[in-house]
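Numbered according to our numbering, the sequence shown spans residues 7 to 453.
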Amino acid sequence: MTVSSGGGSFLEVADCIGRRLCRDALWADGRCNWLGWSLERNGRYWMPAFRAQSMALYNGTAGIALFLSWLVRFTGDRLERATLTGALNRLKRTLTDRVSALPSGFYHGVAGIAAVYVAAGEALDDEALIERGLVLLAASGRAAPDGDELDVLSGSAGTIPILLQMADRFQRPELVEAAVAHGELLLRTATRSDDGWCWYASGEDRRDRPIGYTRGAGGIACALLDLHRATREDAYREAALEGLRHERSRFDAVLRDWPDFRVLEGVQEQPAGTHPRYPKAWCHGAPDVAFARLQARQLLNGDDLGDGFAEELTAAVQITADILRQPVVHGQGFCLCHGVAGRADLLLEAASVLAQPELRHAAEAVGQFGIAQYHHTNVPWPCGVPTRGEVPNLMLGLAGIGYFYLRLHAPETVPSVLVLTRTRRSPPEERAPQGMEQREGEEVRLS
């Protein structure tokens, strides 16, 4: 079944983006890849670079393949299926004899590529692709975890949830053992202080004190809680609670927000001693904190959340909802990583976890804004590499925008790519009544 791209439904927008990615693919010997802009580290700065897309899920072929894997489940389009197969062939060819040299993480490493193989295998009804993903993940799991990469974005905290998911779904106990090795690394490398625990990669500036889901203690806490759920080892739960306590110490009770003290952000350096900023993105800021709080809330089942947890969660979701009332794109684009789509995805998650459908309506309003501004006008979608126009990849570009529209089309079917721990979602009639939600914390207001 082919979806017409002439209208404005969420699925039609995703399909239109998918076809454009098919159009722009570069082919050779049954493999395909894309050219486009990305952000790459140059000393202490992030700089735009035009290049062939990497293998990674974050900014490469794997991320585009993930979007196409979910898209073809709804469209069945032959060209999109063929392009997905070409992207997978490119990954297979490039991965040959290189697995041991790649990082293990989800967004930048093997765990993400393995998860893409599984998703594609399920979409194409191809058991060989699923097995390839599991073999790849097991091979990576046999290597010692990298002490230089700890957070969700690049390291162990992003690897643990994928290992546990695949172990549970496909009965692979060796993957649990690999997850435990990553968990033990996180226990060993925690920096412990009076206001809780935090984690730094080797050589990381200790002034940063990272917080949030992607790079900070919040995401590591979620991974440790997931590991506790699988192993029942109390050390993981205790470390997770200490990580959440550390982030609580960073909460500005006056502004009801989280300051960002990083020396480096994006492509500009923040001079030491200046006032902190308060970013509003998945990769840094209140939405980032909210993703961690939503996951922790489910993993802890309401127990031992600590004083202030409900206030933090309400504040983080409210900040995100407020900024999306008028979703002006500015220079951060419509992308998942640090743009409008990533913020709106947080509202979709919160709508489901908190049983507040008005948050989903707010996310849908963002989707309608994008349709009116870019889809109907044929204006290029603003992506996450400033001033460089459209890019093809998942977290900075078109594949991620298309994935967001699939989420809007079927949020209970298409999982968020911005959180990795999969917790059981109770059907609406099993959820706590609204009164209980209000006793735990103030309801997010959209009026």
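For glycine and all other residues, C-beta sits at the position ideal for the given N, C-alpha and C.
Shortest alpha-carbon distance to D201 belongs to which of S44, L45, A227 and R251?
R251
Quick one: what does DSSP say G153 is sitting in, helix, strand or coil?
coil
Along the chain, where does the alpha helix (DSSP H) that runs through P179 open and close?
P179 to T195
With a threshold of 8 angstroms, are at least 3 pairs of Cβ atoms found where one atom belongs to the stretch 317-328 and the other to the stretch 239-249?
no
Extent of the continuous beta strand (DSSP E) run through S44
L41 to N48
Below 8 angstroms, can you find three or more Cβ-Cβ pairs linking the stretch 124-132 to the stretch 181-193?
no
Once you ignore the five residues that flank W76 on each side, which residues in its own chain have a CB closer than 8 angstroms to its CB?
A125, A129, Y409, L412 and V420
For L231, name the three-state secondary structure that DSSP assigns.
helix
How would you write the range of the beta strand (DSSP E) that L32 sits in, first residue to last?
L32 to A34
Given 8 angstroms, three or more beta-carbon pairs between the stretch 60-72 and the stretch 382-401
yes
Taking the CB atoms as reference points, tell me whether I217 and E253 lie closer together than 8 angstroms.
yes
Should the stretch 87-104 be regarded as contacting the stretch 45-54, the criterion being three or more beta carbon pairs within less than 8 angstroms?
no
Of all the options L17, W205 and G92, which has the alpha carbon lying nearest to the alpha carbon of D35?
G92
Measuring CA to CA, which of Q332, G390, G222 and C389 is closest to T197?
G222
Output needed for E396: all residues of its chain with C-beta closer than 7 angstroms, excluding positions within five of it in sequence on either side, in chain order.
P386, W387, C389, G403 and L404
Output the boundary residues of the alpha helix (DSSP H) element that contains M172.
S162 to F176
Whose CA, out of I136, M53 and S422, lies closest to the CA of A350?
S422
In chain order, what residues of the same chain lie with their CB nearer than 7 angstroms to the CB of A302, ignoring the 5 residues before and after it?
A227, C228, L231 and L250
Three-way DSSP call (helix, strand, coil) for E18 in this model
helix
Over the uninterrupted beta strand (DSSP E) stretch that includes R57, give me the two end residues.
Y51 to A58
Can you look up C28 in the DSSP assignment and give me helix, strand or coil?
helix
Does at least one heavy atom of the ligand NAP sit under 7 angstroms from the Cβ of W288?
The ligand NAP is absent from the structure shown, which contains no ligands of any kind.
Assuming I23 contacts I377 under a Cβ cut-off of 8 angstroms, what Cβ separation, rounded to an integer in Å, is found between them?
About 12 angstroms separates the two Cβ atoms, so there is no contact after all.
Which same chain residues end up closer than 6 angstroms to E235 when comparing Cβ atoms and leaving out the 5 residues on each side of it in sequence?
Here residue 235 turns out to be Arg, not Glu, going by the sequence shown. Contacts found: none.
Name the residue from T427, L300 and Q379 whose alpha carbon lies nearest to the alpha carbon of V19.
Q379
Where does W387 fall in DSSP's three states?
coil
Helix, strand or coil for D258, going by three-state DSSP, please let me know.
strand
Need the endpoints of the beta strand (DSSP E) that G345 sits in, please.
Segment: none, G345 is in no beta strand (DSSP E) and carries neither H nor E.
With a floor of 4 residues, list each alpha helix (DSSP H) that falls wholly inside the stretch 74-155, ordered by position along the chain.
84-101, 116-130 and 133-147
Alpha carbon to alpha carbon, how far is L27 from S44?
16 angstroms
Can you list, in chain order, the residues of its chain whose CB lies under 7 angstroms from that of L424, leaving out five sequence neighbours each side?
W288, F297, L342, G348 and D351
Rounded straight-line distance, which links the Cα of D21 to that of R431:
Residue placement at R431 is poorly supported in this model, since its pLDDT is 39, which falls under 50; the coordinates still yield a value, given next. When rounded, the distance between both Cα atoms is 28 angstroms.
Alpha carbon to alpha carbon, what distance is there between E370 and H415?
9 angstroms
Beta-carbon separation (whole angstroms), V105 vs L72, contact threshold 8 angstroms:
The pair is not a contact, with the Cβ atoms about 19 angstroms apart (cut-off 8 angstroms).
Can you tell me whether R198 is helix, strand or coil according to DSSP?
strand
Determine the closest residue to Y113 out of I166, R299, A134 and F340, with distance taken between C-alpha atoms.
I166
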